[in-house]
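**Student:**
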Amino acid sequence: MSNDGSSPPLFAVDVDGEEHFEEDFECVGLNDDTSIEGLAFNPTTKMVLLTDSTASRVHMYAVETEACKTLHDKRFTEPAGICFAPGGHIFVCDHSSDSVIQLSPSGDVVRVHDVGMRCPWAVSVSKDGQYMAVSNRGSDNDMVKLFKIMYA
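Below is the structure:
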């Protein structure tokens with residue numbers, strides 16, 4: 001997603017297809033320098049997650065409460081793909097560190113997973129939470145790997 005100034009960085013679309021600018025999304029710090037690489041939405045908790053590779057941050061926005069939280073952690077070097085897993089855990093690909101970072105539902109780092117591939121870019125977790133698929137981008141050896149998740 002890029003913001004060329006022709007439209008707001010984020011807006012809501014209602015069931016009738018009408019677009020509504022959500023000023024509350026501004027609290028996550030989106031601006032012209034933001035580079036959103038990943039986006040996830042949890043329909044149960046109504047939580048939006050955004051990865052900002054330029055600022056090495058993950059943004060959490062609770063739609064119903066309008067609560068915003070920006071996650072800063074030295075282990076975020078170039079966050080890209082992001083997804084929710086059952087139980088609210090969050091998985092973030094970090095393109096530069098060649099890892100997938102597992103977060104608690106509140107955004108705390110639980111574990112950093114070495115996925116054995118350069119430049120992981122996209123991540124998805126199975127509906128039952130037992131498996132994680134990771135793909136990469138920008139590498140001479142593009143691949144998809146499937147992992148069994150072992151929760152601590």
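Taking our numbering, the leading residue of the sequence shown gets 1, the next gets one more, and so forth. Built from N, CA and C at the ideal position, the CB exists for glycine as well. None of these values were measured; they are calculated from a predicted model.
Does the distance from the C-beta atom of Glu-78 to that of His-59 stay below 8 Å?
**Tutor:** Translated into positions along the sequence shown, residue 78 becomes position 78. Translated into positions along the sequence shown, residue 59 becomes position 59. No; because the gap between Cβ atoms is not below 8 Å, this pair is not in contact.
**Student:** By the three-class DSSP mapping on this structure, what secondary structure does Gly-38 have?
**Tutor:** Residue numbering aside, residue 38 sits at position 38 when the sequence shown is read from its first letter. Of the three classes helix, strand and coil, the one that applies to Gly-38 here is strand, per DSSP.
**Student:** How many angstroms separate the CA atom of Asp-128 from the CA atom of Pro-86?
**Tutor:** For the purposes of this step, residue 128 is taken as the residue at position 128 of the sequence shown. For the purposes of this step, residue 86 is taken as the residue at position 86 of the sequence shown. Computed Cα separation, rounded: 7 Å.
**Student:** How many Å lie between Ala-55 and Glu-18 at the Cα?
**Tutor:** By 1-based counting over the sequence shown, the position of residue 55 is 55. By 1-based counting over the sequence shown, the position of residue 18 is 18. Approximately 31 Å between the Cα atoms of the pair.
**Student:** Can Ser-99 and Val-112 be called in contact, C-beta distance under 8 Å?
**Tutor:** Within the sequence shown, the letter at position 99 stands for residue 99. Within the sequence shown, the letter at position 112 stands for residue 112. A contact, by the Cβ cut-off of 8 Å.
**Student:** Please state the DSSP three-state secondary structure of Gly-81.
**Tutor:** The count along the sequence shown starts at 1 and reaches residue 81 at position 81. Here Gly-81 sits in strand by DSSP.
**Student:** Check Pro-86 in the structure and name its three-state DSSP category.
**Tutor:** As a first step, residue 86 must be located in the sequence shown, where it is residue number 86. Pro-86 falls in the helix class under three-state DSSP.
**Student:** Return the chain-ordered list of same chain residues with a C-beta closer than 7 Å to the C-beta of Cys-83, the five sequence neighbours on each side being excluded.
**Tutor:** Against the sequence shown, residue 83 aligns to sequence position 83. Contacts found: Ala-40, Phe-91, Val-123, Ser-124 and Val-125.
**Student:** Are the CB atoms of Ile-36 and Arg-75 within a distance shorter than 8 Å?
**Tutor:** On the sequence shown, residue 75 is found 75 positions in, with the first residue counted as 1. On the sequence shown, residue 36 is found 36 positions in, with the first residue counted as 1. For Arg-75 and Ile-36, no; Cβs fall outside 8 Å.
**Student:** Distance, Cα to Cα, His-72 vs Leu-49?
**Tutor:** Counting from one through the sequence shown, the residue named residue 72 turns up at place 72. Counting from one through the sequence shown, the residue named residue 49 turns up at place 49. C-alpha separation (whole angstroms): 14 Å.
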